[in-house]
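**Q** In the working numbering, the protein residues as written are 1480 to 1651.
Ideal placement from N, C-alpha and C gives every residue a C-beta, glycine not left out.
Just dropping this structure here.
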């Protein structure tokens, strides 16, 4: 058996430990309200407290984006369903220490009337029981890296309490 090898200075390893970036994810600290109550549309809101886990207490989070799509499950009033679109962006100016660890985070409040109007379903009777708002989130770090449910491991959600995507149903 004969083996040979050569060294190519331009062919660096695919991953170099010193150049790895620590990820980030939103941790669900508290779910305050989890549905849109059709009996109280004016006062109805989805609300949760999230803080950021990034190895440095949330300091590496430059932006937290919330996207929404509307899933119209009622064929009687036409199809008002939408594709996912950016609903709201939060920056460090919106963050404060939150939770038992004191990581930076925020209270995400999504009033029904605001999000229904945003997706074009703000008219009388446009949203009925069974309709669903589908939310997804992402974190942009100070280094410009985007973290979301697609490039995150399921362990972040299942074992570590991370929350990337969530649905809010309209209920009676």
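Ends of the alpha helix (DSSP H) at residue 1635?
**A** It spans 1633–1637 - the alpha helix (DSSP H) in which residue 1635 sits, taken as one unbroken run.
**Q** Under the three-state reduction of DSSP, which class applies to residue 1579: helix, strand or coil?
**A** DSSP places residue 1579 in coil when its eight states are reduced to three.
**Q** Can you list, in chain order, the stretches of the alpha helix (DSSP H) that have 4 or more residues and sit fully within the segment 1562–1613?
**A** Counting only runs of 4 or more, we get 1591–1597.
**Q** With DSSP as the reference, label residue 1559 as helix, strand or coil.
**A** Residue state, collapsed to three classes: coil.
**Q** Tell me whether residue 1524 sits in a helix, a strand or coil according to DSSP, three-state version.
**A** Strand, per DSSP.
**Q** Three-state secondary structure (DSSP) at residue 1516?
**A** Strand at residue 1516.
**Q** Here's the rule: buried if 16 or more other CB atoms are within 10 angstroms of the residue's CB, otherwise exposed. What is residue 1496?
**A** Since pLDDT at residue 1496 reaches only 49, below the 50 mark, its modelled position is unreliable, and the value read off the structure follows with that caveat. Per the 10 Å Cβ criterion, exposed.
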